[in-house]
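Chains as they are written, first to last, in the working numbering: chain X, 1136 to 1434; chain D, 3 to 328; chain Z, 725 to 964.
Structure, as structure tokens:
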Amino acid sequence: MNLWLELLTQPFIDYGFMRRALAGAWALSFAAGPLGVFLVLRRLSLMGDAMAHAILPGVAVGFLTAGLSLSAMTLGGLVTGVVVALLAGLVSRLTPLREDASFAAFYLVSLGLGVLLVSLRGTNMDLIHVLFGTVLGLNDAALLLVTAVSSVTLLALAALFRVLVIECLDPLFLRAEGGAGAWAHMAFLLLLVLNLVAGFQVLGTLMVVGIMMLPATAARFWVRSVGSQMILAAALGAASSYAGLLVSYYQDVPASPAIILAAGLLYFVSVAIGPHGGILQLVRQSRQRRARLLESMGS
Amino acid sequence: MRRRPARSLSAWSAAAVLVLCGAMLPRAHAQAPSDRIRVVATFSILADMVREVGGDRLDIQAIVGPNGDAHAFEPTPRDARALGAAQVLVRNGLGFEGWLPRLLDAAGFKGLDVVASDGVRPRVLGDEEQALEAHGHETHDHEPHGHGHAGDVDPHAWQDLSNGVIYVRNIARGLAAADPAHADEYRRRADAYALRLQDEDRAWRNDLEAVPPARRVMMTTHDAFGYLGQAYGIRIVSVLGLSSEAEPAAGALARIIDQIRDRGIRAMFLEKAVNPTLMRRITQETGARIGGTLYSDTLDAPGTPAGTYLGMFRWNARLILEAMRG
Amino acid sequence: MVVGQPAIELQRVWLGWRDRVAVRDASGAFEQGSLTAIVGPNGAGKSTLIKGIAGRLNPLRGRIHVGAGLARSLACLPQSAELDLAFPISTFDLVALGAWHRVGAWRGLDEAGLEGVEDALRVVGLAGLGRRPVDTLSGGQLQRALFARLMLRDARVILLDEPFSAVDRATTEDLLDLLHAWHAEGRTVIAVLHDLDIVRAYFPQTLLLAGQVVEWGATEQVLSPANLHLARHLCAGALT
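Here you go:
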């Protein structure tokens, strides 16, 4: 028993970078999980990834003007993300184009612009990877950033919870009651951009979107209410981070993909055996229904 | 008279097409023969050497300029035009310029092709160096990377000054072939330059004598200093994969930290434009410091200390010595 | 709320979109405490009119005047297709939303408030189903829940757009009783309906719409065969 405990905890005890990686990943999970649940409920699941590409020109401009400055890149990414979200929302409200198509158009333009800007700098393609960090390299500033963003996000979500729920469920009702649904939606997108931007620089692209969506999609197979889904998503994200880091340590595989694959594994398990809509459950229920039908016919 | 609009239209079209084709034909050297030889070097280090040997007689252009990354280079139409108009091409060889064959095709180069590393005894990556593989394989969908894997030839031969001398002599020979009228001059200049390189080599070896053998170890993120290590008896701990793209495995990172602690490595060196966050993390955790930025396969801008080949070598040497002395 | 003043007044109202006018030049008044049905053939503009009254659509021309103090006390039940039923919320919570106007975005319901929700569920015949998620409710049960929400909303003016369209007979009758009860409490009720039997049986006032007001007044008068015939013609004309 002792050996197991040692195996599970020793790497974090011995190495500072492991501890920081865990702290950063957990901070991200606690905020990204709940956000992801809302994205799934609003049928905006792909927006996380799209937004990730949309903020590129802003981060690039930040880098080009101020070098490897966390604040410059964060600001740049934030501004671009907000602008894209606002423009997409505006176009979808004023024209027949729906929000997802409108957003797709804007993020693609943004991405093209970002690639162009990066290439203008010269032939050094490595530049683009300087912009995105890795969970194993968290320094104080980055850790502080992601923790601060996470706290702000959780507070904001708590305050906006009811409004966001109704905005998803019955936006007309909300509008009739004067509930400022559009503002809440904007605030939500702002939180999304904030988390993505902070997350990219400290944890890399793959991990942020992954830790946002995978636990959220897994959570709905275990619990029903929105609140419980959010809590479970955060917990699943934290668990995946822990497991992924351990695998990266013992099995010599890169850290971010390991974390994402751990989250993916949890998702598949949830799909298979989750009590709410899981495949096993559905099979069992259909068998029961058939049994009952046969029974009622036979008697 | 009956009008034949169709026929006159097709006649005009044919004429237009012919004119267009004619305009697109590769132009023979239509410019007046200038007295300067047009030389294109693949990257800044070679360009500097060519300048030393050829001086004012040459019109030199480098494809990958100062502070550029020759490994991940993507040629542009401008490069193709420059190459097409050149009379001499000086390249490194040893697989350094993965993008060159396609560029040569596109440019229609017909001049003299000088391989600077002709005659160099190549070393193989993974030889004698403790390259800690910290990552899996990153993939790119453009030209194959210069970052090779164990078993590939290491192209960075110029890190050994005696190879630099070989480069210089090859360049001189090439220039003499392209411009026989001034062959003597090229040879003289090459000899003078070679002497300076050999002086620097001696001075460096002297300095190294003063460092106890146990301390002759350096850690860097790039696999570019193999020849340096081999020639001057320095053990290179090269942390592959802590460079730009890929992310290391946590286990490998832990082992690197252990190695640094065990061997008492005092300083690590960054590559230009490499993600420094991981390196900084390592320094904070081990107490080793970042010894500065070394120049591995490019020069700095002209006029700066590392703007010439010799200058670059001296710059690297100084930093490495400081790091080893602790 | 001023006594004698109509709850809702239409003053030469045109409603529609940039490329299509749905309601032309409608004028008239819904008196306070009236129980009015809006009927008409397909494409008559009934839903558009309700949207206009509810404030979700601005008139192209003319004015919709809502009586003093009533604008805040106006509740609308749109066609249920506009809810995202897959959303994981319990029936209790859905009904409790009706108390939003009292409680807002952050405060919770007190004891009395919670009891109010239970009462509403009981009145509409959904007692004990509070825990069930909304996506497990049948069409009839969902409609009952939405009526319960309206109860909590405690509005003086209630607008309904086809409230019985996807609902069984038993539910329809129960809900009609509820409408009646509201009417008895002095609330103004306006409902878009297509079942003329129900209108004749339960609604004293009717507005017959066919792209424009055909007639508006006592149900018996409005639903004369001549008027119905005229309405059908007007709508057919509008469609060609």
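C-beta atoms are modelled at their ideal positions from N, C-alpha and C, and glycine is treated no differently.
Integer-rounded CB distance, given that residue j should sit under 8 Å from residue i
i          : j          : result
Tyr1402(X) : Thr1352(X) : 6 Å
Gly1168(X) : Leu1371(X) : 7 Å
Asp61(D)   : Arg80(D)   : Their Cβ separation, rounded to whole angstroms, is 16 Å, which puts Asp61(D) and Arg80(D) out of contact at 8 Å.
Asn951(Z)  : Val938(Z)  : 6 Å
Ala1373(X) : Trp1161(X) : 5 Å
Met965(Z)  : Ala844(Z)  : Residue 965(Z) cannot be examined here, being either before or after the span of chain Z that is shown, 725 to 964.
Asp1149(X) : Gly253(D)  : Their Cβ separation, rounded to whole angstroms, is 12 Å, which puts Asp1149(X) and Gly253(D) out of contact at 8 Å.
Val1270(X) : Ser1360(X) : Their Cβ separation, rounded to whole angstroms, is 31 Å, which puts Val1270(X) and Ser1360(X) out of contact at 8 Å.
Gly335(D)  : Ile168(D)  : Any property of residue 335(D) remains undetermined from this structure, which presents chain D solely from 3 to 328.
Arg924(Z)  : Leu947(Z)  : 7 Å
Leu1199(X) : Leu1248(X) : Not confirmed; about 13 Å, so no contact.
Leu794(Z)  : Arg877(Z)  : In fact, because the Cβ distance is near 13 Å, the residues do not count as touching under 8 Å.
Leu1349(X) : Gly1316(X) : The Cβ separation is near 28 Å, so there is no contact.
Given residue i as reference, the closest of the options once Cα atoms are compared
i          : options                                        : result
Leu85(D)   : Asp302(D), Lys112(D), Arg282(D)                : Lys112(D)
Ser797(Z)  : Ala836(Z), Gln867(Z), Gln756(Z)                : Gln756(Z)
Thr1215(X) : Leu1205(X), Ala1239(X), Ala1189(X)             : Ala1189(X)
Asp282(D)  : Arg1359(X), Leu1210(X), Ala1276(X), Leu1199(X) : Just to set this straight, residue 282(D) is Arg in the shown sequence, not Asp. Ranking Arg1359(X), Leu1210(X), Ala1276(X), Leu1199(X) by Cα distance to Arg282(D) puts Ala1276(X) first.
Leu1326(X) : Arg1154(X), Met1182(X), Glu1141(X), Leu1232(X) : Met1182(X)
Ala1156(X) : Gly1379(X), Leu1246(X), Met1136(X), Gly1202(X) : Gly1379(X)
Glu806(Z)  : Ala823(Z), Ala908(Z), Ile922(Z), Glu886(Z)     : Glu886(Z)
Thr300(D)  : Ile267(D), Ala226(D), Arg327(D)                : Ala226(D)
Ala329(D)  : Gln261(D), Gly166(D), Arg190(D), Ile284(D)     : Because chain D is modelled from 3 through 328, residue 329(D) falls outside the range shown and cannot be assessed.
Gln332(D)  : Phe75(D), Trp101(D), Leu106(D), Phe98(D)       : Only positions 3 to 328 of chain D appear in the structure, and residue 332(D) is not among them; the question remains open.
Gly228(D)  : Ile292(D), Asp181(D), Ser298(D)                : Ser298(D)
Gly1409(X) : Phe1238(X), Ser1363(X), Arg1355(X)             : Arg1355(X)
Thr78(D)   : Leu1309(X), Ser1254(X), Gly1316(X)             : Ser1254(X)
Ile1394(X) : Trp1139(X), Leu1179(X), Asn1137(X), Gly1159(X) : Gly1159(X)
Thr772(Z)  : Val881(Z), Val747(Z), Gly786(Z)                : Val747(Z)
Asp1235(X) : Ala1398(X), Gly1334(X), Arg1177(X)             : Arg1177(X)
His158(D)  : Leu91(D), Asp264(D), Pro124(D)                 : Pro124(D)
Asp817(Z)  : Ala761(Z), Gln803(Z), Gly837(Z)                : Gly837(Z)
Ser1175(X) : Leu902(Z), Ser758(Z), Ala869(Z), Ala810(Z)     : The amino acid at residue 1175(X) is misidentified as Ser; the sequence shows Val. That would be Ala810(Z), whose Cα lies nearest to the Cα of Val1175(X).
Trp940(Z)  : Ile788(Z), Ala753(Z), Gln865(Z)                : Ala753(Z)
Enclosing beta strand (DSSP E) for residue i [first to last residue]
i         : result
Ala269(D) : 269-272
Ala43(D)  : 39-45
Asp61(D)  : 60-66
Ile914(Z) : 912-916
Val213(D) : Note, Val213(D): premise wrong, no beta strand (DSSP E); not H, not E.
Phe754(Z) : 744-754
Thr295(D) : 291-295
Residue i: CB within 6 Å of a non-hydrogen atom of the ligand GTP
i         : result
Ala108(D) : Annotation note on the ligand GTP: not contained in the displayed structure, which lists no ligands.
Residue i: first and last residue of the uninterrupted alpha helix (DSSP H) it sits in
i          : result
Gln261(D)  : 252-265
Arg1425(X) : 1414-1433
Gly1249(X) : 1234-1255
Trp741(Z)  : Trp741(Z) -> not in any alpha helix (DSSP H); beta strand (DSSP E) instead, spanning 732-741.
Ser164(D)  : 163-180
Pro1146(X) : 1137-1149
Phe315(D)  : 311-327
Gln865(Z)  : 863-877
Trp101(D)  : Counting along the chain, Trp101(D) falls outside any alpha helix (DSSP H), and DSSP gives it neither H nor E.
Leu899(Z)  : 893-908
Per DSSP, cross-strand counterpart(s) of residue i
i         : result
Leu801(Z) : Leu884(Z)
Thr930(Z) : Ala761(Z), Gly941(Z)
Ser220(D) : Ser is not the amino acid found at residue 220(D); the sequence shown has Met there. Looking at the DSSP assignment, Met220(D) forms a beta bridge with Ile238(D).
His789(Z) : Glu733(Z)
Leu91(D)  : Val42(D), Asp115(D)
Val155(D) : Val126(D)
Pro79(D)  : Pro79(D) is not bridged to any residue.
Pro783(Z) : For Pro783(Z), which the question treats as bridged, DSSP gives no partner whatsoever.
Pro857(Z) : Ser814(Z)
Leu936(Z) : In the sequence on display, residue 936(Z) carries Gln and not Leu. DSSP lists Arg748(Z) as partners of Gln936(Z).
Note down, one range per segment and in chain order, each alpha helix (DSSP H) of at least 4 residues found wholly within the segment 793-854 of chain Z.
-> 815-820, 824-827, 835-847
In the segment 1324-1395 of chain X, which residue ranges form an unbroken alpha helix (DSSP H) of at least 4 residues, counting only runs that do not cross its ends?
-> 1340-1354, 1361-1386
Every unbroken alpha helix (DSSP H) within the segment 1171-1226 of chain X, with a cutoff of 4 residues, ordered by chain | 1182-1189, 1191-1201
Going along the chain, which unbroken runs of the alpha helix (DSSP H) with 4 or more residues stay wholly within the segment 1261-1320 of chain X?
-> 1262-1265, 1275-1304, 1306-1311
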